[in-house]
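Trainee: Just passing along the structure, written as C-alpha cells.
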Amino acid sequence: LDLNDDGLHESGIFHGRDISLNLPGIGFSGSGLDGTAQLNAQLDAAGHLQQARLQAVVQRGHWNLQGWQAQLSDASAIHLGLDADAVDHGGMAVGLRWIDPEALRFDGRLQFDARGRVHALSLAHLNLDLARAWAHYGASLDGTAWAGPLQASGQIDGALDWRASGWRALVL
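For the sequence shown, our numbering assigns the number 1 to the initial residue and increments by one for each residue that follows.
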C-alpha cells in the first residue's frame, strides 16, 4: 500500500486455496476455489476508484452468480482479467477477458455512466464450444422453465458492438 496526497495505490499478489465466499449484494457465492491473483488499484484522495487491474487464474471449485452455476474441474483453469478506468463525468469503463481453454474465450468492454447505466458494450474474440460451455456453465439451467433440456454442439465465433443508440455490429 502506498498512501500519499494524491490518494492510495495498492498492489499485490494473492494466493488462495479452498476459498469460500458469499457476496449477497451482487448475488455471487463460491466454494472450494483455488487461485492466484495480481491486483493493482489507484484511488484518488476522495477514495474514488481511478484505475484497477486484476489478473487471475482460478482452478477448481464451484461458483454461483444470480442462480447461474459453474463447476470447475481440477484439470481446468480459467484465466481472467479485469480492467477498470474512471472516465468523464464519473463514469467507468470496464474490460473483461475470460479464457477457459476448453469451453469459452472472450475479450469484452462495458462503459457505464455515473448512474450505472450501460452506454456501450463490445465483445471481441468470442469463441464458444457449445457442448463444453453448456457442461461448464449451463448445466445448472438444464430443465428450468426457460432452458428446458438442452443438447448443444458446435462452435460459435463472433463479435458484437452495441451503443446506447443501438447495435453497430453483430458478427457470428
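Even for Gly, the Cβ is constructed at its ideal location relative to N, Cα and C.
1) Would you give the residue range spanned by the beta strand (DSSP E) that Leu-72 belongs to?
2) Which residue wins for smallest C-alpha separation from Leu-65, given the options Arg-163, His-89, Ser-153, Gly-138?
3) Nearest-angstrom Cα distance between His-89 and Ala-103?
4) For Ala-75, count neighbouring Cβ atoms within 10 angstroms of its own Cβ and tell me buried if that reaches 16, exposed if not.
5) Cβ atoms of Leu-54 and Ala-86: under 8 Å apart, would you say?
6) I'd like to check one pair, Gln-51 with Gln-178: are the Cβ atoms closer than 8 Å?
7) Indicate the three-state DSSP secondary structure (helix, strand or coil) for Ala-159 in the structure shown.
8) So what does DSSP say about Leu-130, is it helix, strand or coil?
9) Kindly indicate the opening and closing residues of the beta strand (DSSP E) around Leu-53.
10) Between which residues of its own chain and Ala-164 is the CB-CB distance below 6 Å, once the five residues before and five after are set aside?
11) For the beta strand (DSSP E) containing Glu-102, list its first residue and its last residue.
12) For Val-94, which residues in the same chain have their Cβ closer than 6 Å to its Cβ, ignoring the five residues on either side in sequence?
13) Exposed or buried, Val-58, counting other C-beta atoms within 10 Å across all chains shown (16 or more means buried)?
14) Measuring CB to CB, does Ser-31 end up less than 8 Å from Gly-67?
Mentor: Reading from the atomic positions:
1) For Leu-72, the uninterrupted beta strand (DSSP E) run begins and ends at 68 to 87, by DSSP.
2) Ranking Arg-163, His-89, Ser-153, Gly-138 by Cα distance to Leu-65 puts Gly-138 first.
3) When the Cα atoms are used, His-89 and Ala-103 turn out to be separated by approximately 38 Å.
4) The residue is exposed, with fewer than 16 neighbouring Cβ atoms inside 10 Å.
5) In this structure, the beta-carbon distance from Ala-86 to Leu-54 does not fall below 8 Å.
6) This structure cannot settle anything about residue 178, because the visible part of the chain is limited to 1 through 172.
7) If DSSP states are grouped into helix, strand and coil, Ala-159 belongs with the strands.
8) In this structure, Leu-130 counts as helix in the three-state DSSP scheme.
9) Strictly speaking, residue 53 in this sequence is Arg, with Leu absent from that position. From DSSP, the beta strand (DSSP E) with Arg-53 extends over 49 to 65.
10) Result list for Ala-164: His-119, in chain order.
11) Note, Glu-102: premise wrong, no beta strand (DSSP E); not H, not E.
12) Here the set comprises Ala-84, Leu-110.
13) When all chains shown are included, Val-58 counts as buried.
14) No; because the gap between Cβ atoms is not below 8 Å, this pair is not in contact.
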